[in-house]
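**Student:**
In the numbering used here, the protein residues as written are 21 to 159.
1. Do residue 138 and residue 96 come within 9 Å of each other at the CB atom, strictly closer than that value?
2. Where do the N-terminal and C-terminal ends of the alpha helix (DSSP H) with residue 125 fall, by residue?
3. So, are the CB atoms of residue 56 and residue 79 less than 9 Å apart?
4. CB residue 119 to CB residue 89, shorter than 9 Å?
5. Going along the chain, which residues of its own chain have a beta-carbon closer than 6 Å to the beta-carbon of residue 59, five neighbours each way excluded?
6. Please classify residue 103: is it buried, with 16 or more other beta-carbons within 10 angstroms of its beta-carbon, or exposed?
7. Pick helix, strand or coil for residue 96, following the three-state DSSP scheme.
8. For the alpha helix (DSSP H) holding residue 64, just list the boundary residues, first then last.
9. Near residue 140, what residues of its chain come up, given a Cβ to Cβ distance below 6 Å and the 5 sequence neighbours on each side ignored?
10. In three-state DSSP terms, what is residue 58?
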């Protein structure tokens, strides 16, 4: 007998339940799940957290945006490179690399040259991910 997935809940319902739960907490758990689900319908709710007072949640939001993979979030992530918390800026750099958004290359290069050592490493890794993404797109 063929395996059917009819007993699984509708993915849209799962995504919406976690988006709704972001307002209730614990937020970090739902951000991880939304990033893992990689559904663009979660982008707006995740982007709403980039100005949260908790730096850990901002960093996790950057990670989730990178995992979701919607290139339209690149400007948001580029803005997060200027976050005063190194962990947030580092996650934004890695997320931009995961997106394969070539428009972020200049900002990542600047970060790799001028930032604190821990940010230089994140920028270098973001650039490496960017290069890897470009190789995947070549036919």
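Note that beta-carbon positions come from the ideal geometry of N, C-alpha and C, so glycine has one too.
A quick note: this is a predicted structure, and the numbers were derived from the prediction, not measured.
**Tutor:** In short:
1. no
2. 125-134
3. no
4. yes
5. Within the same chain, residue 59 has close Cβ partners 35.
6. buried
7. helix
8. 63-67
9. 132
10. coil
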